[in-house]
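Q: Listed in order, the protein sequences are those of chains A and B. Every letter in the first sequence is one number past the one before it in the numbering used here, and letter 286, counting from 1, is 314. Every letter in the second sequence is one number past the one before it in the numbering used here, and letter 38, counting from 1, is 51. The C-beta atom is built at its ideal place from N, Cα and C for all residues, glycine as well. Nothing here was measured: the structure is a model prediction, and the numbers come from that model.
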Amino acid sequence: MHTLSVAELSKSLKNKEFSSVELTQHYLDRINRSDLNAFITVTDELALSQARAADAKLANGSGSVLTGIPFAHKDIFCTKGVKTSAGSKILDPFISPYDATLSHKLNIENMVMLGKTNMDEFAMGSSNENSFYGPVKNPWNKKMVPGGSSGGSAAAVAGRLSPFATGTDTGGSIRQPSSLCGITGIKPTYGRVSRYGMIAYASSLDQAGPMTQTAEDAALVLNAIAGFDEKDSTSALRDVPDYTKSLRDSIKGLKIGIPKEFFSDGLDSSVEKVITESMKEFEAMGAELQQISLPNSAYAIPTYYIIAPCECSSNLSRLDGVRYGYRCKDPKDLNDLYLRSRSEGFGDEVKRRIMIGTYALSAGYYDAYYLKAQKVRQLISEDFKKAFQNVDIIMGPVSPTTAFELGAIKDPVSMYLADIYTLSANLAGLPGMSIPAGFSNNLPVGLQMIGNYWSEEVLLNAAHQFQTQTDWHSVLPENI
Amino acid sequence: MSLNKEQVKEIAQLAKLSINDSEIEQSTIELNNILSLMAELGEIETDHVEPMAHPLEMSQRLREDVVSEADLSEEFQAIAPKTGKQHFLVPTVIE
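1. Starting from P505(A), follow the beta strand (DSSP E) in both directions and report where the run begins and ends.
2. State the DSSP-derived secondary structure class of T129(A), mapped to helix, strand or coil.
3. Which of helix, strand or coil does DSSP assign to L85(B)?
4. Verify the CB distance criterion: does L30(B) have a CB-CB separation below 7 Å to chain A?
5. Please report the distance separating the alpha-carbon of E309(A) from that of G195(A).
6. Determine the extent of the beta strand (DSSP E) in which P318(A) is found, giving its start and end residues.
7. Compare the Cα-Cα distances from E53(B) to each of N454(A), L488(A), F432(A), P330(A) and report the closest residue.
8. If the cut is a Cβ gap below 8 Å, which residues of chain A does A25(B) touch?
9. With a cut-off of 7 Å, does the C-beta of A83(B) fall near any C-beta of chain A?
10. Would you list, in sequence order, the uninterrupted alpha helix (DSSP H) runs of no fewer than 4 residues that lie entirely inside the segment 49-93 of chain B?
11. Any Cβ of chain B within less than 7 Å of the Cβ of T386(A)?
12. Counting along the chain, where does the alpha helix (DSSP H) carrying G179(A) start and finish?
13. Any idea which residues DSSP pairs T212(A) with across the strands?
14. Pick out whichever of S342(A), A315(A), H54(A), K117(A) has its Cα sitting closest to the Cα of K29(B).
15. Chain A partners of N46(B), CB-CB under 8 Å?
16. Would you verify that the beta carbon of E77(B) is, or is not, closer than 7 Å to some beta carbon of chain A?
17. According to DSSP, A254(A) sits in a beta bridge with which residue or residues?
18. List, in chain order, every chain B residue whose beta-carbon is nearer than 7 Å to that of D361(A).
19. Take L208(A) as the anchor and find which of T198(A), K215(A), N489(A), G179(A) has the nearest alpha-carbon.
20. Spatial neighbours of P167(A) within its chain, please: CB distance less than 7 Å, with the 5 preceding and 5 following residues excluded, ordered by chain position.
21. Along the chain, where does the alpha helix (DSSP H) that runs through Q493(A) open and close?
22. Are the beta-carbon atoms belonging to G424(A) and P205(A) less than 7 Å from one another?
23. Between the segment 461-473 of chain A and the segment 394-404 of chain A, do three or more beta carbon pairs fall short of 8 Å?
24. Could you have a look at K283(A) and say whether DSSP puts it in helix, strand or coil?
25. For a contact meaning CB atoms closer than 7 Å, what does K144(A) contact in chain B?
26. Would you tell me roughly how many angstroms separate the C-alpha atoms of H61(B) and I47(B), rounded to the nearest one?
27. Is there a Cβ of chain B sitting closer than 7 Å to that of Q19(A), yes or no?
28. With 7 Å as the C-beta to C-beta threshold (strictly closer), list the residues of the segment 50-62 of chain B near chain A in chain order.
29. Suppose contacts are defined by Cβ-Cβ distances below 7 Å. Is V302(A) in contact with V503(A) by that definition?
30. Are the C-beta of R370(A) and some C-beta of chain B separated by less than 7 Å?
31. Do you know offhand how far I202(A)'s Cα is from F192(A)'s?
32. Quick one: residues in its chain with C-beta nearer than 6 Å to the C-beta of R38(A), no 5 flanking neighbours on either side, listed in chain order?
33. Can you name the start and end residues of the alpha helix (DSSP H) that K42(A) belongs to?
34. Got a sec, what are the start and stop residues for the alpha helix (DSSP H) M443(A) sits in?
35. Taking DSSP as the reference, what is the three-state secondary structure of E205(A)?
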């Protein structure tokens, strides 16, 4: 049953082919046998009790399409009574006293949380090597990284330890691990999914979304999690369409823009080949390709790596060892308490970004860094606005390479460069997606699709149509 | 712009992070590498560009000032490292 999609599992549960308890136990057994390190916490007992409740709902016919479906929850979403660590030592003792809105929304569907997935500390990283709980292995090749920061979620879905997982994407953290692990992931438009209870990294960039096997599953999950939330002041007051409605529409005449900047020197030629082949597939389905330019997109890296650290240095200042989380032993005074709790609690990359943000926001440097970056952010965003006057969707690679070896990239700046194609969608606030498009050296390659604001339907429709013509999304790693 | 070790120590102080002598060398190099990456933005002319603080053109929503949450102080204190008499406790600041 672990090779079935959410849509298929939903039908099987309705038809009583198996119960949610049986399904949940099957996944828990798979998780307990797995050596991927995809989970920080496995919530066996909670999962089975949620599954029993779901079975009761299903038995009396009051369940929804998602009732009884197990999922893996990124450990960045607060879950009442369950450890919520954000991959950090400083939150290792943190048992959340409340649910994130996204957690709550999945709970009211009577879904089953299998556990909390591993991630780069506070979602800062592109390889999942920055986790206090150790790196996650890529199910396609256990010597390789799964990508990050939602690496545990991506590995859990690719390794079929969960039918789907939740993720968050601040600079590519849903799309890049989805690409490197060969799954489908969507980062919705900024403001589409509530950020309440989602531990903040960079508040003007963070957005949550589903990581699934198929575009159809992504639509089903997005239906449940999207929408206005009074508790998130940046949540958008807009109606949410039924994302499954338009999946089957023809994409004949869909105008696809291919930004020449996304095929720059750093792009691996075998990745480029896969992307080019997938464009031909879209052309065969009646879509029209045209080259476009996003002239400022190369500046997305320095822009992002100023804005995100600035926001994080502010957001993470609340982690001070006073009200929750880790506190150092025997602080001699208040300053010592702050200094040691934070220094012992945060990992290297988090400290680096806090330092960069603190510097960039400090007196005398604000204009040169933060204000400058906000202006370039505007230019990057305007490039997209111009492009979307002529095209419906933008496509290109997600990542310049396939999954790289664990430990291979040690220099922080080199790691940042791997985010080149994903950052600009976050800076502009646009929805983006990664779908499996082929393989290079037996490792998955993801195709990135970026849509206009609130055009998740267009992305999901194009992705679903691609998945009716190709089977890259259903190829499994060995021994699954 | 390049930072020296003293400046890195100062930034660490501002960020309430301690940095020991064995780490300072490496941290200074790494931070300077990141800053040189950022210097690329100097190439772009932005004199007449409005800064973009946020992706959506939205204004801050207001609501009636009414109580919306139950009193959860006990639950919030239960997870704190040290509490007493409904306060979060830290080492004595003023004798």
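A: With the given structure in hand:
1. Within the first sequence, the letter at position 477 stands for residue 505(A). From DSSP, P505(A) is part of no beta strand (DSSP E); its letter is neither H nor E.
2. Counted from its first residue, the first sequence places residue 129(A) at position 101. Helix, per DSSP.
3. Here residue 85(B) corresponds to residue number 72 of the second sequence, with the count starting at 1. Shown here, L85(B) sits in coil according to DSSP, grouped into three states, outside any helix or strand.
4. Position 17 of the second sequence, counted from the first residue, corresponds to residue 30(B). Chain A, which has a Cβ nearer than 7 Å to the Cβ of L30(B), makes this yes.
5. Sequence index remark: in the first sequence, residue 309(A) carries index 281 (1-based). Sequence index remark: in the first sequence, residue 195(A) carries index 167 (1-based). So the two alpha carbons sit approximately 28 Å from each other.
6. Translated into positions along the first sequence, residue 318(A) becomes position 290. Inspection of the sequence shows that residue 318(A) is occupied by Gln rather than by Pro. 316-320 is the span of the beta strand (DSSP E), which, as asked, contains Q318(A).
7. As a first step, residue 53(B) is located in the second sequence; it is residue number 40 there, counting from the start. Among N454(A), L488(A), F432(A), P330(A), the Cα nearest to that of E53(B) is on P330(A).
8. If you number the second sequence from 1, residue 25(B) lands on position 12. Within chain A, the residues near A25(B) are M383.
9. For the purposes of this step, residue 83(B) is taken as residue 70 along the second sequence, with counting starting at 1. Interface annotation, A83(B): not in contact with chain A, CB-CB separation never under 7 Å.
10. Complete alpha helix (DSSP H) runs here, min 4: 86-91.
11. Position 358 of the first sequence, counted from the start, is the residue given in the question as residue 386(A). Answer yes: the Cβ-Cβ gap between T386(A) and chain B drops below 7 Å somewhere.
12. Counting from one through the first sequence, the residue named residue 179(A) turns up at place 151. Here the alpha helix (DSSP H) through G179(A) covers 179-186.
13. To locate residue 212(A), count along the first sequence from 1; it is residue 184. Paired residue(s): T240(A).
14. Translated into the one-based positions of the second sequence, residue 29(B) becomes position 16. The candidate whose alpha carbon is nearest that of K29(B) is S342(A).
15. Here residue 46(B) refers to the residue found at position 33 when the second sequence is read from its first residue. The contacting residues are D439, P440, V441.
16. Here residue 77(B) is taken as the residue at index 64 of the second sequence, counted from 1. False, the Cβ-Cβ gap to chain A never drops below 7 Å.
17. Taking the first residue of the first sequence as position 1, residue 254(A) is located at position 226. Beta-bridge analysis with DSSP links A254(A) to V221(A).
18. Here residue 361(A) is taken as the residue at index 333 of the first sequence, counted from 1. Simply P104.
19. Along the first sequence, read from residue 1 onward, the residue named residue 208(A) stands at position 180. Per the C-alpha coordinates, the member of T198(A), K215(A), N489(A), G179(A) positioned closest to L208(A) is G179(A).
20. In the first sequence, residue 167(A) corresponds to position 139, counting from 1. Excluding sequence positions up to five before and after P167(A), its CB lies within less than 7 Å of the CB of L64, A183, A186, G187, C209, P505, all in the same chain and listed in chain order.
21. Your numbering for residue 493(A) matches position 465 in the first sequence. 484-497 is the extent of the alpha helix (DSSP H) around Q493(A).
22. If you number the first sequence from 1, residue 424(A) lands on position 396. If you number the first sequence from 1, residue 205(A) lands on position 177. Against a cut-off of 7 Å, the Cβ pair of P205(A) and G424(A) comes out as no contact.
23. By the C-beta criterion, the segment 461-473 of chain A is judged not to be in contact with the segment 394-404 of chain A, since fewer than 3 inter-stretch pairs fall below 8 Å.
24. Numbered from 1 along the first sequence, position 255 holds the residue referred to as residue 283(A). Annotated three-state conformation of K283(A) is strand, per DSSP.
25. Working through the first sequence from its first residue, we reach residue 144(A) at position 116. Those within 7 Å of K144(A) in chain B number zero; the least Cβ separation is about 16 Å.
26. What you label residue 61(B) is simply residue 48 of the second sequence in a count that begins at 1. What you label residue 47(B) is simply residue 34 of the second sequence in a count that begins at 1. Those two C-alpha atoms are separated by around 26 Å.
27. Outside the shown range of chain A, which is 29 to 508, sits residue 19(A), and nothing can be said about it.
28. When CB distances to chain A are screened at a threshold of 7 Å, the residues of the segment 50-62 of chain B falling below it are L50, M51, E53, L54, I57, T59, V62, in chain order.
29. Counted from its first residue, the first sequence places residue 302(A) at position 274. Counted from its first residue, the first sequence places residue 503(A) at position 475. Note that the C-beta distance between V302(A) and V503(A) is not below 7 Å.
30. Residue mapping note: residue 370(A) aligns to position 342 of the first sequence, counting from 1. Contact of R370(A) with chain B is assigned, a C-beta pair being separated by under 7 Å.
31. Position 174 of the first sequence, counted from the start, is the residue given in the question as residue 202(A). Position 164 of the first sequence, counted from the start, is the residue given in the question as residue 192(A). Each residue's Cα considered, the two are about 12 Å apart.
32. By one-based count along the first sequence, residue 38(A) stands at place 10. Here residue 38(A) is Ser; the residue named in the question, Arg, does not match the sequence. Excluding its 5 nearest sequence neighbours in each direction, S38(A) has C-beta neighbours in its own chain below 6 Å: V93, listed in chain order.
33. Here residue 42(A) refers to the residue found at position 14 when the first sequence is read from its first residue. For K42(A), the enclosing alpha helix (DSSP H) begins and ends at 34-42.
34. For this step, residue 443(A) is matched to residue 415 along the first sequence. That run of the alpha helix (DSSP H) goes 440-445.
35. As a working note, residue 205(A) is residue 177 in the first sequence. In the sequence on display, residue 205(A) carries Pro and not Glu. Residue state, collapsed to three classes: helix.
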